[in-house]
Structures are given as structure tokens and as C-alpha cells.
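Q: Each residue of the sequence shown is one higher than the one before, counting from 435 in this note's numbering. From the three backbone atoms N, C-alpha and C, an ideal C-beta is built for every residue, glycine too. Before we start, here is the structure in question, set down as C-alpha cells.
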Amino acid sequence: MNEQYSALRSNVSMLGKVLGETIKDALGEHILERVETIRKLSKSSRAGNDANRQELLTTLQNLSNDELLPVARAF
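Structural data, given as C-alpha cells:
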């Protein structure tokens with residue numbers, strides 16, 4: 435069972451890196467940074483960090499119209 439989870443974790447990690455490279459190449463470093471910030475804040479918020487939850491909400495509210503669609507598509 436651990437072998438399966440290890441392989442799955444490895445695949446997810448590899449796919450995440452490919453997605454990040456694709457976002458950077460297609461949309462630029464700025465969008466990739468936004469996506470990564472939102473991803474990290476989301477993960478921390480789910481773990482119960484209220485300060486990061488508030489920062490996540492603020493970050494999402496402050497996305498420009500040009501950022502909304504690319505960021506949404508990344509998820």
C-alpha cells in the first residue's frame with residue numbers, strides 16, 4: 435500500500451511541476467506566483483490557520499479581471 439501511495443505522490447508532484455512550467459510559459463511568472471500563493475494559503479487555511487484564511491480571501495478579492503480566468507483555470 436505504501437508503494438502505491440509513494441507512486442501516486444510522485445506522479446502528483448511531477449504533474450504539479452509540469453503544470454507550473456506550463457502556466458509560466460503560457461501566462462508568465464506573475465500568474466504562476468498568484469496561483470502558488472493561493473494554493474499555499476488554501477492549504478494552510480484548510481489546516482485551520484485563520485490568519486492565512488483571511489489573507490487568502492483578501493488575495494482572491496484583489497485579483498484583477500485579467501487574472502481571474504487564468505487563476506481559476508489553474509485549479
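Consult DSSP for L449 and reduce its assignment to one of helix, strand or coil.
A: Residue mapping note: residue 449 aligns to position 15 of the sequence shown, counting from 1. Residue state, collapsed to three classes: helix.
Q: What is the rounded straight-line gap between the Cα of E455 and the Cα of E470?
A: Taking the sequence shown and counting its residues from 1, the one referred to as residue 455 is at position 21. Taking the sequence shown and counting its residues from 1, the one referred to as residue 470 is at position 36. E455 and E470: Cα-Cα distance of roughly 12 Å.
Q: Measuring alpha carbon to alpha carbon, tell me which residue in L475, R480 and K451 is nearest T493.
A: On the sequence shown, residue 493 is found 59 positions in, with the first residue counted as 1. Checking every option, the nearest Cα to that of T493 belongs to L475.
Q: Keeping to the same chain, check which residues put their C-beta closer than 7 Å to that of E501; ignore five residues upstream and five downstream.
A: Within the sequence shown, numbered from 1, the residue matching residue 501 stands at position 67. If we look at E501 and ignore the five residues flanking it on each side, its Cβ neighbours are I465 and R468.
Q: Please state whether DSSP places S498 in a helix, a strand or coil.
A: As a position in the sequence shown, residue 498 is number 64, starting the count at 1. S498 falls in the coil class under three-state DSSP.
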